[in-house]
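In our numbering, the protein residues as written are -19 to 156. The beta carbon of each residue, even a glycine, is placed where N, CA and C say it ideally should be.
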Amino acid sequence: MDNEEHLRLLNRVASGDRKAFELLYKATSGHLYAICMSILKNNELAEDVLQEGFIKIWDNAKEYSQGKGRVLTWMTSIVRYRAIDMLRFQKVRKGNGLSEQELVSDSPTDSFQFTNKNQLDHCIEQLGIQQKQAIHLAFFDGLTHQEIAYHIDSPLGTSKSLIRRGVQALKRCLGL
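(1) Quick test of the definition: if touching needs 3 or more C-beta pairs under 8 Å, does the segment 97 to 114 touch the segment 129 to 145?
(2) Might you give, ordered along the chain, the residues of its own chain that have their beta carbon closer than 6 Å to the beta carbon of Leu(-11), omitting 5 neighbours on each side?
(3) Under three-state DSSP, which class holds Ser85?
(4) Assuming Leu142 is part of the alpha helix (DSSP H), what are its boundary residues?
(5) Determine, using beta carbons only, whether His59 and Ile15 come nearer to each other than 8 Å.
(6) Excluding the 5 residues flanking Arg62 on each side, which residues of the same chain have their C-beta closer than 6 Å to its C-beta?
(7) When you compare only the Cα positions, how much space is there between Ile128 and Gly10?
(8) Using a Cβ-Cβ cutoff of less than 7 Å, which residues in the same chain neighbour Gln126 once the five nearest sequence positions on both sides are dropped?
(9) Among the candidates Leu12, Met66, Trp38, whose CA atom is the shortest distance from the CA of Gly122?
(10) Is it buried or exposed, Phe119, if we count other Cβ atoms within 10 angstroms and call 16 or more buried?
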């Protein structure tokens, strides 16, 4: 199913169409469940997060904007953030806390071996607006280079350069 079909179904979901929601669920739940499992490594927790994620998708379908990227990317972000929240909750519940490294270990930024999240936040703030946006879209929203180029309305090569230079600037700032 392509983005246009996802968009058509999500628009129907936004108007309360339960059948469209069922079709969207059938088309995307396998992919989203795999993301939950890759983060949580627990079938029961992954199923819970998937259900919570779809409830949030149902509740927020009207909030989706095409400018934010593809429908599946938007849905993936919702489920991924719910899974990370669940992982944090499970770590805290077990009483062993959550180190800064564990907070980012499931994101593409785990290649940065830093010890202080505040330091990363500070370094991200030092980036230019476009670099910050491109880095966020790539590493936190999981968009592809093409989706980023579309989202920031720039050529593909420019979006790739923004990400590459942004990562280099972050490495310098973090002393890597």
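Let me lay it out:
(1) yes
(2) Ala0, Leu3, Leu4
(3) Bear in mind that the predicted position of Ser85 carries a pLDDT of just 42, short of 50, making it unreliable; the figure below should be weighed with that in mind. Coil.
(4) 136 to 154
(5) Looking at the sequence shown, residue 59 is not His but Val. Taking 8 Å as the Cβ cut-off, Val59 and Ile15 qualify as a contacting pair.
(6) Val29, Glu32, Gly33
(7) 24 Å
(8) Leu136
(9) Leu12
(10) buried
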